[in-house]
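Note sheet for the following structure.
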Amino acid sequence: MIQQLPSYRSTPSNAETVTIPRSEYDRLLQDSQHFAKLRTSLLNGGLSQETLDVLIYGAAQQPSHQTNRENSSQSPAKSHAAFENKAPPGCHEHLDVKVHDPDEFAIGEDEDEDEDALLDSRDSEDKDDYDESSRSAGSSPTPSAQRTVLIRNLPDRITHRDIVAAIKGGALLHIYLRAREHMASVSFVEEAAAREFFRTAKTYGLIVAGKRVEVGWNDRQFYLPPYVRAKIDNGASRNLVVYNVQPNVTEWVIRKDLDHIHNLIVISVQFKNGNAYISTNSVHNALFARSCMMSRFTYKGMKIGFYPDECLGTPGKYPKKEPQAPAKKTGSVPNRFQLLSLDGADDEDDHTSPDGLGRMNNGMRWADNSVTA
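Anchor point for the sequence shown: position 71 equals 71 in full-length UniProt numbering, and the numbering is continuous, going up by one each time.
If you want it as structure tokens, here you go:
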């Protein structure tokens, strides 16, 4: 909040003008310009107007016990102070922001506690900003939509990277890993891709991190808001790419800048051909992350876009073992004079010896009795 200077004169509440120092006026004017630019960047990055209003003014229905001071803390004039206290400079506050040590980028058990609310009920499964804003805009989930599969019996120390490496057949909308319960919910963008993956996994099995796992439909399906669907149709995915990245932008810097976004998991950051490729766990959080990065001075002059999901492609198959035909025994070369044998007793012994001295018969060697003419 803005600290009042001791030299301020008390102003009646009904006065039409307020006297403040010139320096304070310049700072408020600069904050207003920053707020306008940030608002434009968030809207261009995919954030809906309804969500932006909730972030700025708070929910439409405030609890009765909430004080006027709490309500006034979310006004536009004082939003700059909220940025300094709750979010890094240059990025608007995200709902349910979690504060971590900047040096802490652990992925795994902490996410389980943060995202348990996503699976508590149908209405609260996808409590991310994009879901809530779409519901407030009048959209409703399709009951028949099936795009979320539940993977059970995952190995210990499982990571998002292991799951992404094992899944093929369609772009992913959201990955929710519950490492301590050895399960994960994976939502596909396309329902047809989810059904094909489910059919393939049931037929051939699925192996994640070297272990065969169980695949089934999740009881609660992930909801895809219409405007996120529109962003995906225009090329959005869960993966970001920063073109012509500067040398000062390292993996540590990227992870630190995105660590404050709730439920966003940065799976990997790879640098190739002067670009930085960032793989995340969800499309809607990637949209917010892109808007946040575009508003930061660190990425000024760099184009930030999306690159295709690596899970696209032919689903991995584990063919069933076919019974092999028994190997044929290599028998001896048949004797062409076998038909001339009277009793066939000496079929196996009637072969020419290696030294060419004659034939073997009953264990005895006989000299060749042929006469040269």
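Each residue gets a CB set at the ideal place from its N, CA and C atoms; glycine is no exception.
C-beta atoms of residue i and residue j nearer than 8 Å
i	j	result
Ile254	Ala276	yes
Arg212	Thr280	no
Thr148	Ser187	yes
Gly169	Thr200	yes
Ile257	Arg296	The identity of residue 257 in the sequence shown is Asp, whereas the question assumes Ile. Cβ atoms of Asp257 and Arg296: closer than 8 Å.
Ile232	Val189	yes
Ile304	Val266	no
Leu172	Cys311	yes
Arg161	Ser268	yes
Glu181	Gln146	no
Met302	Val245	yes
Leu206	Met183	no
Residues that residue i bridges to, as DSSP identifies them
i	result
Tyr176	Ser185
Ser282	His174
Thr148	Ser187
Leu43	Beta-bridge pairing links Leu43 to no other residue.
Lys272	Asn275
Phe306	Leu240
Leu206	Val213
Val266	Thr280
Spatially closest choice to residue i from the options, by CA coordinates
i	options	result
Pro247	Ser291, Leu287, Thr298	Thr298
Trp217	Gln49, Arg152, Phe35	Arg152
Arg229	Ser48, Ile278, His182	Ser48
Phe306	Val208, Ala192, Lys300, Val283	Val283
Gln270	Asn234, Ile278, Asn263	Ile278
Lys272	Glu251, Asp26, Phe288, Leu43	Glu251
Leu287	Pro225, Ile167, Arg161, Val249	Pro225
Cys292	Lys37, Ala145, Pro308, Leu312	Lys37
Ser185	Leu150, Asp219, Arg195	Leu150
Asp259	His182, Gly274, Asn285, Asp309	Asn285
Leu264	Ala166, Val249, Leu52, Leu240	Leu240
Ala193	Gly313, Phe222, Gly235	Gly313
Gly235	Leu42, Leu206, Ile56, Pro308	Pro308
Tyr227	Ile207, Ser32, Asn44, Gln33	Asn44
Ile167	Arg195, Val208, Met183	Val208
Phe35	Val215, Leu55, His174	Leu55
Glu214	Phe197, Val249, Tyr25	Phe197
Reduced DSSP category for residue i - H, G, I as helix; E, B as strand; rest coil
i	result
Ile167	coil
Thr17	coil
Arg212	strand
Pro89	In this predicted model, Pro89 has a pLDDT of only 45, less than 50, meaning its place in the structure is not dependable; the value taken from the coordinates is given anyway. It is coil, neither helix nor strand.
Gln30	helix
Ile254	helix
Gln49	helix
Asp259	coil
Val228	helix
Ile56	helix
Leu287	helix
Ser295	coil
Leu38	helix
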